[in-house]
Amino acid sequence: MLDLNSLLYPRSIAVVGASTQPDKVGGMPVRLLRELGYAGELYPVNPSSAEVQGLRAYGSIAAIGKPVDLAIVAVPAGASEDVMAQLGAHGTGAAVFFTSGFAEAGEAGVRMQERLARSAREAGVTLLGPNCLGAMNLRERMFATFSPIPLSGVPPVGEVGLVSQSGAFGAYAYALAREAGLGLSHWVTTGNEAGLQVADVIAWLANDANTRVILAYIEGCRDGARLREALAAARAAGKPVVITKVGTTAAGARSAQSHTASLTGEDAVYQAVFDAYGVHRAHTLEEFFRLGYVLSRGRRPALPPREPGQSVAAAAPLAIVTVSGGVGIMMADRAEELGLPLPAMPEHAAETLRTAIPFASTANPIDVTGQVVAQPRVFMEAIAGVARSGSYGCVTVFLAGGANAPRLWPELQQTIGTLADDPQAAPLLLAGIVDDDKRAWLESRGCLVFREPAHAVEAAATLARAAAMQGGDGAGTQADDRRQPTAVSLPRDLAPTATALSEAEAMQLLADAGIPVAPHGLAHDADEAVRIAEALGYPVVVKLCSREILHKSDVGGVALNLADAPSVRDAFGRMAQALAGARTEAGLPVPFEGVLVARMVRGWGEIMVGVRRDPVFGLVALAGIGGTAVEIFRQTACGLAPLSRAQARAMLVDSKAAALCEGHRGNPALNLDAAAQVLAAVSQLAARLGERLDTLEINPFIVSAQGLVAADAVVTLRCAQGRAT
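Numbering (this note's numbering), first residue to last: 954 to 1678.
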């Protein structure tokens, strides 16, 4: 982890390129630091002026006479390298470069930025930017930015750290945080990321004592390992991360020869990363700050240990107490969408409510009806009863405008205040119209307030996920059962430049790793093909076997359901002839390597499983409905490989492939955990193959009475030297 103390807790700051005009890029940070209360030493550097905004100015960094923690740099791009050299020579700890005209400006700018980054690394200067809006530490009143937005007001000091690749988004988010009263600890924009990346800031905030929740805006990532390490650090520290990731189309996904690559768009891979580390994904600015509000101010529910395969939501039952049956149903619909169970009201509490209001509903939602106006104490007893019952993770309350009613508010205050002092009571989330003073009072007692009832339900799910992470449950998987497969290796005669395995080699690789494959054999002549077919038992499938031709059906290289020897001989002859005249990409003849003869596996469904190497995040696993319909239905889920069995099980469920294992139309149900273990084993095999692997795809895995059986496999490779092929 990089040390950002010089950047975010500087005891001394030099502003290089400081302007005498406060509204200039080089003048605004001087003005902000002076007017908004920065208590450290401030050194304007301007060789043309003896004084800057009432402060003594220095002709150079060297003229200051001692090292400074932070330099804010506002000079033309052409002078930046010289300034960095001076900073390094005089012991500067960190530098914020506002300057634009680097990588965003073309090839010459790219080279200049590379030189600036190299100079910073060699000098040991932590570099933020260039082309960034800067950084702030709200607690220390440190404003290293040229944005004038702080002059309009400063958000309350709090425990939310905000980091953004975009300066414009960062400035807007700052203003919205101020309007929402969301307390910030730090605010950082990373710009071109020649030095610090968003990941570095997340990792540092994960260890910052004054930050509890991290909000991040990202447009992309160049170093996937760095981001994964940062998210892991936040998870280990029990600090929730909320990310808004823009650019969610599949346009960024690379094309390749496999379904595995074409079906996992760039955003799906990012989502897999977020899921793996328990990141809360926000798709709008409103959601971005709402999640920040919930996670920074909400109390985590106490969750029981989860059953194998059980989701976080399923382990966090919700109570809905409402004055409106219709709104209660709306909230229940959202709870079902999120997977939050709605168990009925405990009988002792239900009996009390029915006695007081016979026409109240004691199911869940618990509808006290409009009688709350006449009998507010009954309503409060219902809330307290479910909150203390131990049956629920959270309690959501829809009160409409009741909180502002003079008769109801004192009763609500007494109930909320009492429950706030009870650590065993479930957290309360209130939806309704509440004035600012009452809202502040409720929030001070840990009761979050929402105008939109569905948002209260969503907050319950968010707090459950945060509680699972805080308890070491991360993204919602139980014990990590990843394990390496038995020893596997690539064929000895494989050239360093080989781009693929033949299907026979791929199937052998799977079998060696303990993955069930269709019984098969490799035949080099027609007689051998018949002998293998008869040993396996008809019907059989015959497929062309070649390292050069992956899509066998395109050249007539697949014959299904062959029932006798003449059919096998005919298929062998046609496939041998199909390669006559075929050429490799290098123009060489495609050698005939024989045919694969396999038993025709009978089943009632097909699942596709694959692993591909993402250029940013490494190995990504994919699972979903398979066979020829894979491109039509595109019903897939992905995760970072290697997978645990729990993660693999969740992918099968998310992609709907699990439905094929449940048994239908008289077919027996399969053990879903066993199916998940097969998927996990495939991902672990891929990880074992290391940097040489490009893709490993099995399509289809036949769903049969014997479990999952691999009927086809494709393995593509990268050059042994690591160059993509």
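Beta carbons: idealized from backbone N, C-alpha and C, even for Gly.
Query                                                                                                                                                                                                             : Result
Could you pull the start and end residues of the alpha helix (DSSP H) that Pro958 belongs to?                                                                                                                     : Looking at the sequence shown, residue 958 is not Pro but Asn. Where Asn958 is concerned, the enclosing alpha helix (DSSP H) stretches over 958 to 961.
I need the straight-line Cα distance from Ala1378 to Ala1133, nearest angstrom please.                                                                                                                            : 28 Å
Using 8 Å as the cut-off, can you tell me whether the region 1308 to 1316 makes contact with the region 1223 to 1243, which would need three or more C-beta pairs spanning the two stretches below that distance? : no
Below 8 Å between beta carbons: does that hold for Ala1302 and Val1276?                                                                                                                                           : no
Which residue spans inside the region 1494 to 1563 form an unbroken alpha helix (DSSP H) run of at least 4?                                                                                                       : 1518 to 1531
Distance check for Val1511 and Lys1496, CA to CA, integer angstroms please.                                                                                                                                       : 5 Å
What residue range is occupied by the uninterrupted beta strand (DSSP E) comprising Leu1129?                                                                                                                      : Premise fails: Leu1129 lies in the alpha helix (DSSP H), 1120 to 1133, not in any beta strand (DSSP E).
With which residues is Lys1198 paired in a DSSP beta bridge?                                                                                                                                                      : Ile1171
Around the C-beta of His1473, are 16 or more other C-beta atoms found within 10 angstroms, so that it is buried, or is it exposed?                                                                                : buried
Rounded to the nearest angstrom, what separates Gln1118 and Gly1251 at their Cα positions?                                                                                                                        : 27 Å
Quick one: grab the DSSP three-state call for Val969.                                                                                                                                                             : strand
Taking the alpha-carbon of Met1460 as reference, which of Arg1175, Leu1549, Ile1319, Arg1404 has the nearest alpha-carbon?                                                                                        : Leu1549
Return the residue from the list Arg1392, Val1350, Asp1390 that minimises the CA-CA distance to Ala1407.                                                                                                          : Val1350
Measuring CB to CB, does Ala1466 end up less than 8 Å from Val1493?                                                                                                                                               : no
Beta strand (DSSP E) containing Phe1242: first to last residue?                                                                                                                                                   : Looking at the DSSP string, Phe1242 is not in any beta strand (DSSP E); the run it does join, the alpha helix (DSSP H), is 1238 to 1250.
Three-state secondary structure (DSSP) at Ile1408?                                                                                                                                                                : The question names Ile, but residue 1408 is His in the sequence shown. Three-state result, His1408: helix.
Using the three-state DSSP reduction, which class does Asp1176 fall into: helix, strand or coil?                                                                                                                  : coil
Compute the beta-carbon to beta-carbon distance between Pro982 and Val998, rounded to the nearest angstrom, for a pair I have assumed lies under 8 Å.                                                             : Contact flag wrong, Cβ pair sits at about 12 Å.
Three-state secondary structure (DSSP) at Ser1105?                                                                                                                                                                : helix
With DSSP run on the structure shown, which of helix, strand or coil describes Glu1075?                                                                                                                           : helix
Can the beta-carbon of Gly993 be found closer than 8 Å to that of Pro963?                                                                                                                                         : yes
So what's Tyr1011 in DSSP terms, helix, strand or just coil?                                                                                                                                                      : strand
According to DSSP, Cys1672 sits in a beta bridge with which residue or residues?                                                                                                                                  : Paired residues: none, contrary to the question.
Have a look at Pro1444 and Leu1295 and give me their C-alpha separation to the nearest angstrom.                                                                                                                  : 55 Å
Put Val1021 into one of helix, strand or coil per three-state DSSP.                                                                                                                                               : coil
In whole angstroms, give me the CA-to-CA distance for Ala1531 and Gly1571.                                                                                                                                        : 37 Å
Give every residue of the same chain whose Cβ lies closer than 7 Å to the Cβ of Ala1457, excluding the five residues on either side of it in the sequence, and list them in chain order.                          : Leu1475, Cys1498, Leu1549
Taking all protein chains shown into account, decide if Ser1033 is buried (16 or more other Cβ within 10 angstroms of its Cβ) or exposed.                                                                         : buried
Excluding the five sequence neighbours on either side, which residues of its own chain have a C-beta within less than 6 Å of the C-beta of Thr1142, listed in chain order?                                        : Cys1085, Leu1086, Ser1117, Gly1120, Gly1123
Below 6 Å CB to CB, which residues in the same chain sit around Pro1380 once its five sequence neighbours on both sides are set aside?                                                                            : Arg1252, Pro1254, Cys1347
Rounded to whole angstroms, what is the Cα-Cα separation between Gly1292 and Arg987?                                                                                                                              : 52 Å
Let me know the secondary structure DSSP gives Phe1055 once reduced to three states.                                                                                                                              : coil
Leaving out the 5 sequence neighbours to the left and right, which residues in its chain are closer than 6 Å to Ala1024 when beta-carbon positions are compared?                                                  : Ala967, Val969, Leu1040, Thr1045, Ala1048
On the CB-based measure, 16 or more other CB atoms within 10 Å of its CB, does Ser1138 come out buried or exposed?                                                                                                : buried
Give the straight-line distance between the Cα atoms of Glu1364 and Val1247, rounded to the nearest whole angstrom.                                                                                               : 25 Å
Going by the CB atoms, is the gap between Leu1081 and Leu960 shorter than 8 Å?                                                                                                                                    : yes
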